[in-house]
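Everything on this sheet refers to the single structure shown next.
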Ligand code: GLU
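In our numbering, the protein residues as written are 2 to 376.
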């Protein structure tokens, strides 16, 4: 099946496999061990064929909640979720280490926070660790460090985390295994005409509109919206992403043979640094620009202050900001050269006036084109 091709070992030496909570944990809070063993057999087969899998595993909160007897599957409060994650994570790691060990594979655990992948230096550090582990043939098992991450600085769902991990690991593909078969044109539970989309070349407004708010399974936190966001991050970084069902045994072998699922085709434009930038989740401000500046950016130029019509948000030099055109659409994202106060001071003003307005020698641009990515 053509849909599954990008994920075969020869075509995709490194692959991220994300497993949702509802697949790992049964409704009573126990580990779905038999299913997991069948998945691990698939993973071991790929490893033996030369592929290096990276596992992004949810389930810590759901498992811990059961062990601690917490209500609402551990999601009644942030404190509950943090306690549940700390308790569940140790059990989760044991299960992975045990099942992978049965195939002679060594597991390694990495728990990351959003900042570990948003801060460039820490991101490169995580990337180097993953690289070393994979070159040693170890299978990294990754989750968000939910016990220390606070609400404002969390991924919150492992879909987007998986896309960021794929970038850090230099993976060519991501498979999101969940309790849905793929992306549907409408909610299949409600609309008999809903059809599954096999292949998405570009994540445009029509595709985004297919994600409804009620697609979450109730156990994990990622619905279709977070899967589409993960697809945007991955494909923008040149990584293919598939949503496939994990509701049967041997889900990877099944995906290979049936090709059933939704494939988001990788976008090959742009370099690694720009991909990291466009995948950033935290943006500190918005720079509003006129039509002339939009045209300049589209032709590959830097953003100059003269074309800026407004500055929103509080940010420091080096923060990520969105660039918004006169129609209100975000057209680019970049690392700003000035803090918000100085950016507002020189907004709309020609470069010759900047030194007087700022009291120091101005920089060449508000956002240099090397630190700017068109969205
Ligand atoms: N990190 C969470 C956990 O391990 C899951 C996040 C998600 O549902 O995607 O429980």
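C-beta atoms are modelled at their ideal positions from N, C-alpha and C, and glycine is treated no differently.
heavy atom of ligand 1 below 6 angstroms from residue i C-beta
i: residue 61; result: yes
i: residue 158; result: yes
i: residue 338; result: no
i: residue 78; result: no
i: residue 22; result: yes
i: residue 147; result: yes
i: residue 188; result: no
i: residue 144; result: yes
Residue i versus the options, residue with shortest Cα-Cα distance
i: residue 224; options: 355, 209, 312; result: 209
i: residue 369; options: 302, 252, 190, 124; result: 302
i: residue 78; options: 357, 100, 104, 147; result: 147
i: residue 200; options: 183, 192, 187, 194; result: 183
i: residue 68; options: 105, 86, 234, 55; result: 86
i: residue 97; options: 33, 51, 158; result: 33
i: residue 56; options: 62, 65, 50, 45; result: 45
i: residue 239; options: 88, 252, 58, 165; result: 165
i: residue 100; options: 142, 206, 256; result: 142
i: residue 298; options: 356, 375, 256; result: 375
i: residue 122; options: 277, 49, 267; result: 277
i: residue 234; options: 252, 257, 267, 254; result: 267
i: residue 275; options: 49, 119, 366; result: 119
i: residue 48; options: 80, 340, 254, 31; result: 254
i: residue 211; options: 185, 366, 37; result: 185
i: residue 163; options: 12, 206, 181, 112; result: 112
i: residue 28; options: 60, 13, 11; result: 60
i: residue 10; options: 358, 257, 354, 261; result: 257
i: residue 340; options: 356, 312, 13; result: 312
i: residue 13; options: 137, 326, 167, 355; result: 167
Short Cβ contact (7 angstroms threshold) for residue i with residue j
i: residue 242; j: residue 265; result: yes
i: residue 139; j: residue 114; result: no
i: residue 314; j: residue 294; result: no
i: residue 286; j: residue 316; result: yes
i: residue 82; j: residue 128; result: no
i: residue 335; j: residue 373; result: yes
i: residue 58; j: residue 144; result: yes
i: residue 62; j: residue 178; result: no
i: residue 15; j: residue 196; result: no
i: residue 176; j: residue 18; result: yes
i: residue 291; j: residue 310; result: yes
i: residue 157; j: residue 8; result: no
i: residue 89; j: residue 64; result: yes
i: residue 288; j: residue 331; result: no
Buried/exposed call for residue i, threshold 16 Cβ in 10 Å
i: residue 236; result: buried
i: residue 329; result: exposed
i: residue 219; result: Interpretation of residue 219 is limited by its pLDDT of 45, a score under 50 that renders its predicted location unreliable; the figure taken from the coordinates is listed afterwards. With fewer than 16 Cβ atoms within 10 Å of its Cβ, residue 219 is classed as exposed.
i: residue 333; result: buried
i: residue 371; result: exposed
i: residue 109; result: buried
i: residue 363; result: buried
i: residue 70; result: exposed
i: residue 280; result: buried
i: residue 338; result: buried
i: residue 232; result: buried
i: residue 105; result: exposed
i: residue 230; result: buried
i: residue 343; result: buried
i: residue 4; result: With a pLDDT of 47 at residue 4, under the threshold of 50, the modelled position of this residue cannot be trusted, and the question is left open.
i: residue 51; result: exposed
i: residue 203; result: exposed
i: residue 227; result: buried
i: residue 252; result: buried
i: residue 300; result: exposed
i: residue 191; result: exposed
i: residue 181; result: buried
Interface flag, residue i vs chain C, CB-CB below 7 angstroms
i: residue 279; result: No chain C is part of this structure, which consists of one protein chain only.
| field | Cβ contact (3+ pairs, closer than 8 angstroms) linking the stretch 124 to 132 and the stretch 78 to 98 | value | No, because fewer than three Cβ pairs between the stretch 124 to 132 and the stretch 78 to 98 fall closer than 8 angstroms, the two stretches do not touch.
| query | So, do the stretch 242 to 252 and the stretch 17 to 28 have three or more beta carbon pairs nearer to each other than 8 angstroms? | reply | yes
| message | For the pair the stretch 60 to 75 and the stretch 40 to 50, tell me if three or more CB-CB distances fall below 8 angstroms. | response | no
| Cβ pair count under 8 angstroms reaching 3, the stretch 316 to 325 against the stretch 348 to 356 | no
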